[in-house]
Ligand SMILES: Nc1ncnc2c1ncn2[C@@H]1O[C@H](COP(=O)(O)OP(=O)(O)OP(=O)(O)O)[C@@H](O)[C@H]1O
Ligand SMILES: O=P(O)(O)OC[C@H]1O[C@H](OP(=O)(O)OP(=O)(O)O)[C@H](O)[C@@H]1O
Ligand SMILES: [Mg+2]
């Protein structure tokens with residue numbers, strides 16, 4: 001580690017690791033692979049990585065050991081409830097590691113919210129669960145477990161669980177069903193609430209601009225199509241998240257135009273069908289490699 005370089009904490013190995021590294025790669029940052037090491041260095045940017053357990057990332061960022069981190073909102077939320085003064089700031093939502101923290105009940109149970117009153121709930125997220133229960137006006141006992149929470153009802157440790165769900169396969173395999181959502185979560189880029197030295201601040205701004213560009217381009221597409229003049233208004237309304245399309249007359253085709261636009265929202269097959277229905281032809285959708293707004 002070097003004090004001249006920005007420090008960022010990412011998950012060493014787990015569900016967020018590959019995409020955290022992928023995001024940096026897309027931002028043009030080359031990371032020297034260092035197998036088994038707890039740190040890694042960018043070779044073309046003043047950035048060092050700390051490769052740690054995801055649970056430790058908020059502590060590193062709060063204490064200013066790392067100015068930046070990539071962590072799930074679930075882990076960040078639990079940490080922030082325990083240390084509200086930590087002052088960690090979310091800089092960007094990253095669109096991966098999407099999951100929900102959910103209350104789950106046995107599949108055969110006819111669930112009603114009032115069933116939770118006075119019950120035992122097993123979870124690795126005691127503070128988020130407690131807060132949600134308090135918000136609902138429910139009092140219940142929390143049993144904190146580090147993992148394998150889905151086993152708790154079968155083992156008789158608790159009647160309900162509060163755990164992360166994405167496909168729902170793990171719940172199903174354990175005879176459980178989701179009944180309430182406590183938190184929707186995705187990976188976020190966070191920065192310390194502590195002061196950042198000026199040298200690092202410039203690198204941080206540059207990195208943030210690049211990451212914003214990567215997020216934008218992953219959602220954005222460049223659309224080109226041809227259309228008669230009568231269809232242009234409808235097409236302008238259909239194009240998702242396009243500010244001001246470029247409209248150019250087609251040579252030799254009176255009353256027909258080429259339309260070009262950057263769409264900053266997802267372009268689905270349904271969108272193309274709608275455009276065609278409005279009179280568009282020869283529709284091309286192209287990825288955008290880089291973008292700086
Ligand atoms: N099923 C899932 N689908 C999508 N994202 C998930 C899922 N489960 C967890 N996540 C997200 O990925 C993060 C990391 O999950 P992972 O299972 O790798 O954590 P972990 O086992 O606690 O790892 P570590 O060893 O770093 O402590 C979670 O905190 C959450 O934000
Ligand atoms: O709804 P699903 O798609 O089945 O995903 C949910 C599971 O994913 C997570 O665990 P993970 O697989 O990351 O293992 P871990 O408990 O060792 O972290 C989470 O703790 C659930 O157990
Ligand atoms: Mg963890």
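Numbering (UniProt numbering), first residue to last: 1 to 293. Beta carbons: idealized from backbone N, C-alpha and C, even for Gly. Since the structure is predicted, the reported quantities are computational estimates derived from the model, not experimental observations.
Pick out every residue whose C-beta is nearer than 6 Å to a heavy atom of ligand 3: which are they, in chain order? Working through the chain, the matches are 53, 54, 55.
Within 6 Å: the Cβ of residue 11 and any heavy atom of ligand 1? Yes, the beta carbon of residue 11 sits closer than 6 Å to at least one heavy atom of ligand 1.
Buried or exposed: which applies to residue 284, given that a residue is buried once 16 or more other Cβ atoms fall within 10 Å of its Cβ? Classification for residue 284: exposed.
How far does the alpha helix (DSSP H) with residue 141 in it extend, from its first residue to its last? Run containing residue 141: none in the alpha helix (DSSP H); it sits in the beta strand (DSSP E), 141-144.
Rounded to a whole number of angstroms, what is the C-alpha to C-alpha distance between residue 231 and residue 280? Taking the straight line joining both Cα atoms gives about 7 Å.
Helix, strand or coil, according to DSSP, for residue 54 in the structure here? Three-state DSSP puts residue 54 in a helix.
Outcome for residue 191 when other beta-carbon atoms lying within 10 angstroms are tallied against a minimum of 16: By the Cβ neighbour-count rule, residue 191 is buried, with 16 or more other Cβ atoms within 10 Å of its own.
Does the stretch 194-205 come close enough to the stretch 128-144 to have 3 or more Cβ pairs within less than 8 Å? Too few Cβ pairs lie closer than 8 Å, so no.
Per-residue DSSP class, three states only, for residue 79: Residue state, collapsed to three classes: helix.
Can we count residue 123 as close to ligand 2, meaning its CB is less than 6 Å from some heavy atom? No, ligand 2 has no heavy atom inside 6 Å of this Cβ.
Mind checking who residue 5 pairs with in its DSSP beta bridge? Answer by DSSP bridge pairing: none, since residue 5 is not bridged.
Express the C-alpha separation of residue 263 and residue 293 in angstroms, rounding to a whole number. The straight-line gap separating the alpha-carbon atoms of residue 293 and residue 263 is approximately 14 Å.
Counting pairs of Cβ atoms below 8 Å between the stretch 40-55 and the stretch 229-246, do you hit three or more? Below 8 Å, too few C-beta pairs join the stretch 40-55 and the stretch 229-246 to call them touching: fewer than three.
Reference residue 295; option with closest CA among 272, 69, 206, 162: The requested residue 295 is not part of the displayed model; the chain covers only 1 to 293.
What do you reckon, is the C-beta of residue 15 under 6 Å from a heavy atom of ligand 1? For ligand 1, a non-hydrogen atom lies closer than 6 Å to the CB of residue 15.
Would you call residue 73 buried or exposed, if buried means 16 or more other Cβ atoms sit within 10 Å of its Cβ? Classification for residue 73: buried.
Measure the alpha-carbon distance for residue 144 versus residue 21 and round it to whole angstroms. Whole-angstrom Cα-Cα distance: 31 Å.
Residues that residue 162 bridges to, as DSSP identifies them: In the DSSP output, where bridge partners are listed per residue, residue 162 has 103, 123.
So, at 8 Å on beta carbons, what are the nonlocal neighbours of residue 97 in its own chain, with the 5 sequence-adjacent residues on each side left out? Once the five neighbours on either side are set aside, the close Cβ partners of residue 97 are 15, 16, 19, 72, 185, 186, 187.
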